[in-house]
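Participant:
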Amino acid sequence: MNNQSYVCELLSEANNEAVTHVLSARPCWNGVSLVKDVIIGKERCLYHAGPAYSCINAIPSSVRNSLAFGCIFEGWAQDWSEANHLLEAGEIRILSAQDYGLLVPLAGVISPSMAVIRVVDPKSGRQKFCVFNEGNEIATRLGCRDERLYEHHQWLNGEFSDWLIGCLDEPIDILPLMSASFKEGDDGHAQTGAGSRLIASVLRRRAYDTPDRIAAFLDSSSAFALNIWMAAAALMMSSAEGTKGASLVTRAGGNGRHFGYSIASDPTKWITSEAPVPLGTVESRFDGRIVGGAVGDSAVIDFLGLGGLNLASAPVLTIALSSYLPDDAMKRGESILAARHHALGGRRVGCLAERAAHYGRGPIILIGMIDAAGEVGRLGGGVVDVPGAFFMTDTSV
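The sequence shown lines up with residues 13 to 409 when you count with this note's numbering.
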C-alpha cells in the first residue's frame, strides 16, 4: 500500500504536503563520516543538543563537563581545568548540533575529530548525522568527568569506526529494522534492545571478522540502535522543511536550560521555553540527587511519533513507567500526529504544532534523567509530558 493513502483527509493543504514529504523519505545508513569533513571550516567548535545557549553561564554542569571533554579529546586542552578555562574564555565556539544537521544524545558532545553515523535519503540526497552510541557505562551523554572517556573515544572513533565502515559498503535500510524492533517490544526511544540486536546482526553478517572487543561492545550496548533511529527520525522530519504554512515539527531537543522545536514553515527558527524536568523514579543509590532539565536531541524520535507516542509497542516499559504517564498516553498520538506510515506498520507520524496547541498537550518524551550537578550521570528513566502551552504560538494554518 502506498504511504500517500495514509494521509489524513482533514489536514490543511500545507500540512498535507509537509507530511507527504515525511512519508516519502527512506532513511538509509550509508556510511560513517568525520565531523570535520561534514562541517567545513569550523575547527575549534563543539556541538551540543537542543537550541543554542545564550552564554557560557547558561550551560548546565553536565553539558559543561562534556564540552570540556571535547576540548581534551581534540588536544586543545590537557586536562579538565585547562578545558574549562578555554570554554570560559570563549576560545571555543559552542554551537547547536541540529543547526548543522548533527544530533547529540542527552548531555553529550560532538567534536571535529569524532566519527558520526551518516543517514541519507537516496531520493532527495538529504543527510543527517549522529554520534555513535557510546555504550552504557563510559559515555559523554552522561555528563560526568570520567577519566576513561579519552581511551574509550580513541577506540570508538578509531578501531570501531573503521570496522563499521567495512560493514557499510551497501546501505542499511533503516525503517524495516525499526518496524521489526517494534514487534519485539521496543518503543524506539527508551527501549531499543531489539533494534540494537537487529542492527548488530546485520553488521556482523557483513563483517569479514568481528574482533572480541567489538563483539562485547555490541552485545552490551542495548541502546546502540537509538542513535541510528535519531538520525533517521530527524531526516524524515526535516524532509518537510520549507513547506509554506505548515506547522509540522521538523526539529526538537533540549539543552538542559531550554527546550525547543522548529516547524516546517520556519525551519531555522527555534521556538523555545524553559526545559521541563523529567519525571521518573530515581535509582535508590542516587537518593537526594536533583534531576536536571530535559537535555538531548533524541526527542526527535518522540516528535516523529515513536517513543512516548508508541507505547503500545512496549507493554513492559509502559508498566514500568505507568506512575508517570498521563491518562491519555496510549491515545495521545491520535490527537496530534498527522498521518499513518505504512513502512512503520501503520503507526502515526508527524507532530503538528497547531494540533498540539488545540488539543492542549504535545508529545510524550521518554528521556534519561541526568544529574543536575554533573557528578553521577543518569539517575533513571524519565518522562516529559510536553504541555500544549508550549505550542501556543502563531502556527495556525
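Glycine included, every Cβ here is placed at the ideal spot set by N, Cα and C.
So what does DSSP say about D406, is it helix, strand or coil?
Facilitator: Model confidence at D406 stands at a pLDDT of 47, short of 50, so the residue's coordinates are unreliable and nothing is read from them.
Participant: Looking only at its own chain, which residues have a Cβ that is under 6 Å from the Cβ of Y112, when we skip the five neighbours before and after it?
Facilitator: So the qualifying residues of the chain are I51.
Participant: What whole-angstrom Cβ distance do H33 and T255 have, given they're in contact under 8 Å?
Facilitator: Yes, they are in contact, since the Cβ atoms of H33 and T255 sit about 7 Å apart, within 8 Å.
Participant: Whole angstroms is fine: what's the gap from Q203's alpha carbon to A326's?
Facilitator: Distance between the alpha carbons of Q203 and A326: 8 Å.
Participant: Compute the beta-carbon to beta-carbon distance between G82 and V121, rounded to the nearest angstrom, for a pair I have assumed lies under 8 Å.
Facilitator: With 8 Å as the limit, G82 and V121 qualify as a contact, their Cβ atoms being about 4 Å apart.
Participant: Kindly list the residues whose CB is nearer than 7 Å to the CB of A368, restricted to its own chain and excluding five residues on each side of it in sequence; keep chain order.
Facilitator: Cβ neighbours of A368 beyond the five flanking positions: I348, G374, G400, F403.
Participant: In chain order, what are the residue ranges of uninterrupted alpha helix (DSSP H) at least 4 long that sit wholly in the region 349-406?
Facilitator: Correct list: 365-371.
Participant: Going by the DSSP bridge assignment, what does I283 pair with across the sheet?
Facilitator: In the DSSP output, where bridge partners are listed per residue, I283 has Y273.
Participant: Once DSSP output is grouped into helix, strand and coil, what is the label at A95?
Facilitator: Helix, per DSSP.
Participant: Verify whether the separation of the beta carbon atoms of F141 and S45 is less than 8 Å.
Facilitator: In contact: F141 and S45 (Cβ atoms closer than 8 Å).
Participant: Which two residues bound the contiguous alpha helix (DSSP H) that contains G82?
Facilitator: 73-86 is the span of the alpha helix (DSSP H), which, as asked, contains G82.
Participant: If you compare alpha carbons, which of E182, L176, A258 is closest to P223?
Facilitator: The residue with the shortest Cα to Cα distance from P223 is L176.
Participant: Under 8 Å between the Cβ atoms of A287 and G268?
Facilitator: Cβ atoms of A287 and G268: closer than 8 Å.
Participant: Quick one: give me the first and last residue of the alpha helix (DSSP H) that L329 is part of.
Facilitator: Here the alpha helix (DSSP H) through L329 covers 327-332.
Participant: DSSP puts D185 in a beta bridge; with which residues?
Facilitator: Looking at the DSSP assignment, D185 forms a beta bridge with C40.
Participant: Taking 8 Å as the cut-off, decide whether the C-beta atoms of G62 and G266 are in contact.
Facilitator: For G62 and G266, yes; Cβs fall inside 8 Å.
Participant: Just the C-alpha distance for L191 and N239, rounded to the nearest angstrom, thanks.
Facilitator: Going by the sequence as given, residue 191 is Ser instead of Leu. If I take the Cα positions, the gap works out to 16 Å.
Participant: Going by DSSP, what residue range makes up the beta strand (DSSP E) through G178?
Facilitator: Unbroken run through G178 is the alpha helix (DSSP H), 173-179; no beta strand (DSSP E).
Participant: Can A311 and A243 be called in contact, C-beta distance under 8 Å?
Facilitator: No, Cβ-Cβ distance for A311 and A243 is not below 8 Å.
Participant: Taking 8 Å as the CB-CB limit, is R153 close to chain C?
Facilitator: This model lacks chain C altogether; it includes just one protein chain.
Participant: From E196 to A206, what does the alpha carbon distance come to, in whole angstroms?
Facilitator: About 6 Å.
Participant: State the start and end residues of the unbroken beta strand (DSSP E) segment that holds S108.
Facilitator: Looking at the DSSP string, the run of the beta strand (DSSP E) that includes S108 is 105-108.
Participant: Are the Cβ atoms of D199 and G319 separated by less than 8 Å?
Facilitator: Result yes, Cβ atoms of D199 and G319 sit closer than 8 Å.
Participant: For the structure I just gave you, are there three or more beta carbon pairs, one from the region 382-391 and one from the region 153-161, closer than 8 Å?
Facilitator: Flag = yes, the region 382-391 and the region 153-161 touch.
Participant: Please report the straight-line C-alpha distance between S335 and L329, rounded to a whole angstrom.
Facilitator: Taking the straight line joining both Cα atoms gives about 11 Å.
Participant: Per DSSP, which residues does H60 bridge with? Please list them.
Facilitator: Answer by DSSP bridge pairing, in chain order: S108.
Participant: Taking just the CA atoms, how far does A306 sit from I382?
Facilitator: Taking the straight line from one Cα to the other gives about 8 Å.
Participant: Can the beta-carbon of V143 be found closer than 8 Å to that of V128?
Facilitator: Cβ distance < 8 Å, so V143 and V128 count as in contact.
Participant: Buried or exposed: which applies to N148, given that a residue is buried once 16 or more other Cβ atoms fall within 10 Å of its Cβ?
Facilitator: When all chains shown are included, N148 counts as exposed.
Participant: Buried or exposed for E253, please, with buried defined as at least 16 other CB atoms from any protein chain shown within 10 angstroms of its CB.
Facilitator: Result: buried.
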